[in-house]
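Take the sequence shown: its position 215, counting from 1, is numbered 1453 in the working numbering, and each next residue is one higher.
Reviewing the structure listed below.
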Amino acid sequence: MSTPVVEFREVGLTLPGPPPATVLGPCGLTVRPGEYLAVTGPPGEGRSALVDLLGLLTAPTRGRYLLDGVDTTALTDRRRSALRGRRIGLLRTADLLMPDRTAAENAALALLYTADRGTRRPAERLAAAGEALARVGLAARAARPVRGLTPGERRRVALARALAADPVLLVCEEPSGGLAPQDAEHLLDLMDGLNADGLTVVLATGDGSVAARADRVVTVRGGVLRDLGWHGGGVWRGGPPAGRDGSPGGWSNASPDGWSNRWSDGWSDGWSEEWPEPEEEGWAEPDTLVDPAAWAEPDGWSGQTGRSGLVGWSAPGDRSGRSGRGPDEGPDAYEEEVGAR
């Protein structure tokens, strides 16, 4: 089996404080060559911290991070920066380009941070930058100052800069943020193509439609990392899709951030739930569910489910048709509308 590009072994991050604050609890994560991984989750709950750890911008306070087989844990800041320059491409919403320099000069900046920067001549760095610009469709703009480019083109220059050193891992955070829809679609199509060519991509986003482009999704909530599994064709699945390891499929998920699931692997069909936290008590297990249209909690609550999620639920003995908007508006009945994500 090939060496993982990313391997977290109980990696965690705690800020010193006072008081100390754990922004990412101990977690394991493996990303293999050629994977396209989306990282989702609400802002301020650990998603950006995970991105910083993956990009070697922050060192973990516990655990070990192996990047392409190299244990980064004990590296000095200088060696960590050199490793990042050689093997990781970074793309974020802020372009951080020099407006008066050409597109090629901006893309070549990444090569100043690699271990061979002292042996590569400026002309060689510009040639490598030109190749990276061609990969993102900007070969004809290589000699143009960045100031004269459109926002979409500037973002693609930033992508070319991330690709110039031929990294093994591309780490992106909201790469299409702030762009016009057509420019965002173009950029994301380019990233799809890069992954199809074999580049390992990790994309952090709060946009479910962007996350749906990835092969696999993890989410970070309250500093806790959860793997939501593989998917294909916009339907999330709980194992590698058929063709990768012969798995027939599994859980499908209508939202990378939620638990709106439908079991559809050919063996059973019809159990679904919509609830953001798996700790909620009372959900029926799929192997105990008989009626695909209903489930029951142990304490007697019952509900109707469908493709759009939870349609309504009420306590036994309630008068039909009566519902409240919340538990505090009447204990006799409670109905909650949950739309499709």
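Glycine residues also receive a C-beta, built at the ideal position from the N, C-alpha and C atoms.
Computed from a predicted model, the values in this text were never measured in an experiment.
- Query: For proline 1298, does the three-state DSSP call read helix, strand or coil?
  - Reply: As a first step, residue 1298 must be located in the sequence shown, where it is residue number 60. Note: proline 1298 maps to coil in three-state DSSP.
- Limits of the unbroken alpha helix (DSSP H) element including valine 1395: Here residue 1395 is taken as the residue at index 157 of the sequence shown, counted from 1. Start and end: 1389–1401.
- Item | Inter-residue Cα distance where the pair is glycine 1390 and alanine 1422 | Taking the first residue of the sequence shown as position 1, residue 1390 is located at position 152. Taking the first residue of the sequence shown as position 1, residue 1422 is located at position 184. So the alpha carbons of these two residues sit roughly 7 Å apart.
- Message: Buried or exposed, going by whether 16 or more other CB atoms sit within 10 Å of the CB of arginine 1454?
- Response: By 1-based counting over the sequence shown, the position of residue 1454 is 216. Looking at its Cβ environment, which holds 16 or more other Cβ atoms inside 10 Å, arginine 1454 is buried.
- Task: Take every Cβ of the stretch 1290–1303, pair it with every Cβ of the stretch 1366–1381, and state whether three or more of those distances are shorter than 8 Å.
- Result: no
- Message: Once DSSP output is grouped into helix, strand and coil, what is the label at proline 1257?
- Response: Taking the first residue of the sequence shown as 1, we reach residue 1257 at position 19. Coil, per DSSP.
- Of all the options Leu1441, Leu1291 and Gly1255, which has the alpha carbon lying nearest to the alpha carbon of glutamate 1245? In the sequence shown, counting from the first residue as 1, residue 1245 sits at position 7. Nearest option by C-alpha distance: Leu1291.
- Query: Going by other Cβ atoms of all chains shown within 10 Å of its Cβ, with 16 needed for buried, is glutamate 1411 buried or exposed?
  - Reply: Reading the sequence shown from its first residue, position 173 is the one you call residue 1411. With 16 or more other Cβ atoms within 10 Å, it is buried.
- Message: Going by the DSSP bridge assignment, what does glycine 1460 pair with across the sheet?
- Response: Residue numbering aside, residue 1460 sits at position 222 when the sequence shown is read from its first letter. The partner list for glycine 1460 (beta bridge, DSSP) is empty, contrary to what the question assumes.
- Message: Less than 7 Å between C-beta atoms, sequence neighbours within five positions excluded: which residues of the same chain meet that for arginine 1382?
- Response: Mapped onto the sequence shown, residue 1382 falls at position 144. Within the same chain, arginine 1382 has close Cβ partners Thr1340 and Ala1341.
- Task: Report yes if the CB atom of valine 1439 is closer than 8 Å to the CB atom of leucine 1408, and no otherwise.
- Result: Residue numbering aside, residue 1439 sits at position 201 when the sequence shown is read from its first letter. Residue numbering aside, residue 1408 sits at position 170 when the sequence shown is read from its first letter. Yes, the pair counts as a contact, with Cβ atoms nearer than the cut-off.
- Query: Is it a yes or a no for the stretch 1323–1343 touching the stretch 1390–1401, going by three-plus beta-carbon pairs under 8 Å?
  - Reply: yes
- CA-to-CA distance, threonine 1252 to proline 1264, given in whole angstroms: In the sequence shown, the residue the question calls residue 1264 occupies position 26. In the sequence shown, the residue the question calls residue 1252 occupies position 14. Between proline 1264 and threonine 1252, the C-alpha separation is close to 10 Å.
- Hey, glycine 1461 and glutamate 1248: beta-carbon distance below 8 Å or not? In the sequence shown, residue 1461 corresponds to position 223, counting from 1. In the sequence shown, residue 1248 corresponds to position 10, counting from 1. Against a cut-off of 8 Å, the Cβ pair of glutamate 1248 and glycine 1461 comes out as no contact.
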